[in-house]
Amino acid sequence: MKTKELIATVLIIIFFAICKWLLPKPLQFSPLVSTIIMIAMGLLFVFILIRTLMGKYIERRIVFILVGIALLLPFFMQFELPLQISPEVQSAVDELKKLPPGSKVLASFDYDPPSAPELQPMADAFMQYAFEHDLKVIVMGLWPQGPQQAQQAVEAAFEKNPQLANEVVYGVDFVNLGFQSGNEFVVQRMGESFKAMFPTDINGTPYEELPLVRNITNFSNIDFSLNFSAGKPGTQEWVQIAVDRFNLKMAAGNTAVQAPMIYPFLNAGQLVGLMGGMSGAAEFEKATEKTGKATTYLLSQSFAHMVVIAFIIIGNVAFFREKKENK
Amino acid sequence: MEQFWADFGIWLGAVLTLGIISFLYKDNIFYKAAEAIFVGISAGYWFVVFFWDNMVGKFWAQTVGAAPGETQWYPWIGFILGVLMLARLSNKIGWISRWPLAFVVGATAGLYMMIFFVSNAMTQVAATIRPFIQTGHMSIFNSLIIAIGVICGLIYFFFSKEHKGAFGGAAKLGIWFLMITFGASFGYTVMSRMSLMLGRLDFLFGDWLQMIP
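Protein sequences, first through last, are from chains S and U.
The first sequence finishes on residue 327 if you use this note's numbering, and the numbering steps up by one all the way, no holes.
The second sequence finishes on residue 540 if you use this note's numbering, and the numbering steps up by one all the way, no holes.
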């Protein structure tokens with residue numbers, strides 16, 4: 001290891017040691033400090049732009065650090081971002097609100113922990129909303145870790161509203177059918193028989209012994225469905241088979257990467273609503289009045305987007321400057 | 328003791344996260360170690376999941392381990408096809424692995440042929456050809472944009488006629504539509520990657536350092 005790298009490693013360790021043992025917990029900036037930080041960041045970018053105009057370019061690692069800072073700082077700030085609910089999220093929430101108490105909702109959790117920052121806030125908000133409005137939730141996953149994410153959403157709902165922990169009865173109000181391998185073939189088979197794909201729930205309890213699902217044969221017994229998806233198998237497969245073939249009414253929550261591929265299904269009316277990425281999650285939280293992590297995350301994301309836009313402008317300035325110099 | 332292991336897990340996660348992030352500086356031993364641990368654990372995890380779910384949960388439970396009178400014969404087909412797939416490991420009998428592969432390709436093609444045709448082709452075409460006269464100016468505008476975008480996009484990919492004159496203009500408009508689509512898609516990807524980083528920062532500064540309110 002070179003001296004420069006050794007110094008960097010020691011500095012990082014010192015930074016985290018200070019954060020761990022010396023700084024107050026939790027750390028929260030006052031509005032004045034937050035404003036000063038914002039202004040300082042703005043001035044820093046003006047400085048970088050001037051240096052770029054002078055032909056002194058910054059290193060790519062500075063870009064990484066500044067994007068990281070932009071993502072991190074809003075966690076400690078007290079700004080509230082104005083948020084408008086998009087029609088596709090509103091439509092998903094409207095469909096949920098139309099459901100009378102006792103309606104059976106199938107929620108498929110087709111994602112794993114890496115996608116949790118985007119999808120877990122939607123799942124948490126949905127689960128709390130469903131339990132508070134007496135919707136009967138049947139959970140499953142085409143991804144092995146999906147049912148665990150669902151369990152986390154249930155625990156988050158109970159933590160936010162402790163009364164639910166006493167009211168919600170497993171097997172009657174909520175069932176976790178667990179994971180089933182086979183990708184889209186699972187959905188296809190569920191069109192004929194849920195029990196064939198899930199003979200037991202996640203705990204090994206036989207299907208017929210679960211009051212909520214024992215009378216459910218296939219999708220025709222489901223009132224509404226919500227799919228949280230981070231890829232394949234996910235929303236596309238659910239639309240192709242469950243929606244188009246078996247007429248299941250469905251809304252979806254997707255990662256931002258996946259959302260542009262899912263929008264055509266919304267436009268064609270195959271989906272009744274769509275929540276795309278962090279912004280979709282924050283809008284869903286607002287529409288269901290279950291403020292959670294997505295609302296906090298969105299501020300960080302918006303701040304980081306401003307930094308990225310600033311760097312795009314600076315990068316273009318550098319490009320045109322070099323082009324002019326080469327002429 | 329339980330708290331100790333919970334804290335140990337958080338510390339381990341924090342150290343490995345920092346190891347992965349250190350790649351932004353440059354490739355280094357901490358990154359390589361974290362990457363190797365991640366790949367190893369992932370492979371082990373998937374093996375265990377599929378072993379218990381498929382081999383034990385689906386095959387064993389319905390054949391050898393089934394209660395008397397409930398034994399099924401069809402899981403043996405999957406078992407045999409699975410074993411044939413392993414023939415790929417031998418140069419001499421490697422060709423046998425094409426049989427199970429042909430089965431998988433055939434079954435998937437059979438299912439996809441119809442569902443893609445209905446959901447991704449016909450329904451989308453129907454959604455493109457929408458009546459322009461609708462309630463609300465925005466709906467009319469949206470329908471027009473979709474129709475123009477699709478037609479111009481298709482013209483761009485029509486190479487049997489030279490892209491000149493009005494035809495060339497439409498093709499140029501088509502490439503603009505494509506570029507805007509790719510740009511929107513890229514923007515969403517950036518948003519998603521930021522979210523991943525946010526998740527890690529939340530873990531580092533929240534669960535580990537407990538600084539986030």
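The beta carbon of each residue, even a glycine, is placed where N, CA and C say it ideally should be.
Minimum Cβ-Cβ distance from residue i to chain U less than 7 Å
i	result
asparagine 267 of chain S	yes
leucine 71 of chain S	yes
threonine 255 of chain S	yes
glycine 43 of chain S	Position check: residue 43 of chain S holds leucine in this sequence, whereas glycine was assumed. Closer than 7 Å: no.
alanine 259 of chain S	yes
leucine 210 of chain S	no
serine 193 of chain S	no
phenylalanine 75 of chain S	yes
serine 34 of chain S	no
tyrosine 57 of chain S	no
serine 300 of chain S	yes
leucine 274 of chain S	no
glycine 234 of chain S	no
valine 186 of chain S	no
tyrosine 297 of chain S	yes
aspartate 244 of chain S	yes
glycine 277 of chain S	yes
valine 328 of chain S	The first residue shown for chain S is 1 and the last is 327, placing residue 328 of chain S beyond what the model contains.
glutamate 155 of chain S	no
Residue from the options with nearest C-alpha to residue i
i	options	result
leucine 408 of chain U	U/Thr398, U/Asn381, U/Trp426 and U/Ile420	U/Trp426
phenylalanine 79 of chain S	S/Ile37, S/Gly68 and S/Thr288	S/Ile37
threonine 455 of chain U	U/Ala394, U/Gly384, U/Ile472 and U/His464	U/Ile472
phenylalanine 75 of chain S	S/Lys25, S/Gly280 and S/Glu237	S/Lys25
tyrosine 483 of chain U	U/Trp332, U/Ala498, U/Leu343 and U/Glu489	U/Ala498
valine 139 of chain S	S/Gly178, S/Ala196 and S/Lys20	S/Gly178
glycine 141 of chain S	S/Leu43, S/Gly269 and S/Ile202	S/Ile202
methionine 127 of chain S	S/Phe219, S/Trp143, S/Pro114 and S/Glu159	S/Glu159
glutamate 237 of chain S	S/Trp143, S/Leu83, S/Ala125 and S/Asp173	S/Trp143
alanine 256 of chain S	S/Pro31, S/Leu99 and S/Met122	S/Met122
valine 452 of chain U	S/Pro264, S/Phe29, S/Arg321 and S/Glu118	S/Pro264
valine 93 of chain S	S/Phe174, S/Lys323 and S/Ala251	S/Ala251
glycine 146 of chain S	S/Val213, S/Pro233, S/Ile12 and S/Phe284	S/Pro233
alanine 165 of chain S	S/Tyr57, S/Ile69 and S/Glu132	S/Glu132
phenylalanine 223 of chain S	S/Glu208, S/Gly204, S/Pro211 and S/Asn247	Here residue 223 of chain S is aspartate; the residue named in the question, phenylalanine, does not match the sequence. Closest option to aspartate 223 of chain S, Cα to Cα, is S/Asn247.
aspartate 529 of chain U	U/Trp379, U/Gln330, U/Thr344 and U/Gly336	U/Thr344
proline 82 of chain S	S/Leu299, S/Gly42 and S/Ser225	S/Leu299
glutamate 167 of chain S	S/Ala116, S/Thr288, S/Ala130 and S/Glu192	S/Ala130
Sheet register partners of residue i (DSSP bridge)
i	result
serine 229 of chain S	S/Asp110 and S/Asn254
threonine 200 of chain S	S/Pro206
glycine 273 of chain S	S/Ala251
phenylalanine 179 of chain S	S/Gly141
lysine 327 of chain S	Per DSSP, none; premise fails for lysine 327 of chain S.
lysine 104 of chain S	S/Lys136
phenylalanine 544 of chain U	This structure leaves residue 544 of chain U out entirely; chain U is present only between 328 and 540.
tyrosine 170 of chain S	S/Phe174
Residue environment, residue i, which counts as buried when at least 16 other CB atoms sit within 10 Å
i	result
isoleucine 309 of chain S	exposed
isoleucine 216 of chain S	buried
aspartate 354 of chain U	exposed
valine 431 of chain U	exposed
asparagine 254 of chain S	buried
aspartate 334 of chain U	exposed
isoleucine 314 of chain S	buried
leucine 32 of chain S	exposed
tryptophan 400 of chain U	exposed
lysine 56 of chain S	exposed
tryptophan 535 of chain U	buried
Below-7 Å beta-carbon distance, residue i vs any chain S residue
i	result
proline 458 of chain U	no
glycine 526 of chain U	yes
tyrosine 515 of chain U	yes
proline 540 of chain U	yes
asparagine 381 of chain U	yes
threonine 554 of chain U	Chain U is shown from 328 up to 540; residue 554 of chain U falls before or after that span and cannot be answered.
serine 522 of chain U	yes
alanine 363 of chain U	no
serine 470 of chain U	no
leucine 343 of chain U	no
serine 369 of chain U	no
glutamine 389 of chain U	no
isoleucine 442 of chain U	yes
Cβ contact check for the segment 268 to 279 of chain S and the segment 39 to 58 of chain S: 3 or more pairs under 8 Å | no
Does the count of Cβ pairs from the segment 186 to 206 of chain S and the segment 241 to 251 of chain S closer than 8 Å reach three?
-> yes
Taking three-plus beta-carbon pairs below 8 Å as touching, is the segment 145 to 158 of chain S in contact with the segment 298 to 307 of chain S?
-> No: fewer than three Cβ pairs fall under 8 Å.
Does the pairing of the segment 223 to 239 of chain S with the segment 94 to 110 of chain S give three or more beta-carbon distances under 8 Å?
-> yes
Are the segment 489 to 498 of chain U and the segment 511 to 531 of chain U touching by the rule of at least three beta carbon pairs closer than 8 Å?
-> No, because fewer than three Cβ pairs between the segment 489 to 498 of chain U and the segment 511 to 531 of chain U fall closer than 8 Å, the two stretches do not touch.
Touching or not, the segment 207 to 216 of chain S and the segment 267 to 275 of chain S, by the rule of three or more beta carbon pairs under 8 Å?
-> They do not touch, by the three-pair rule.
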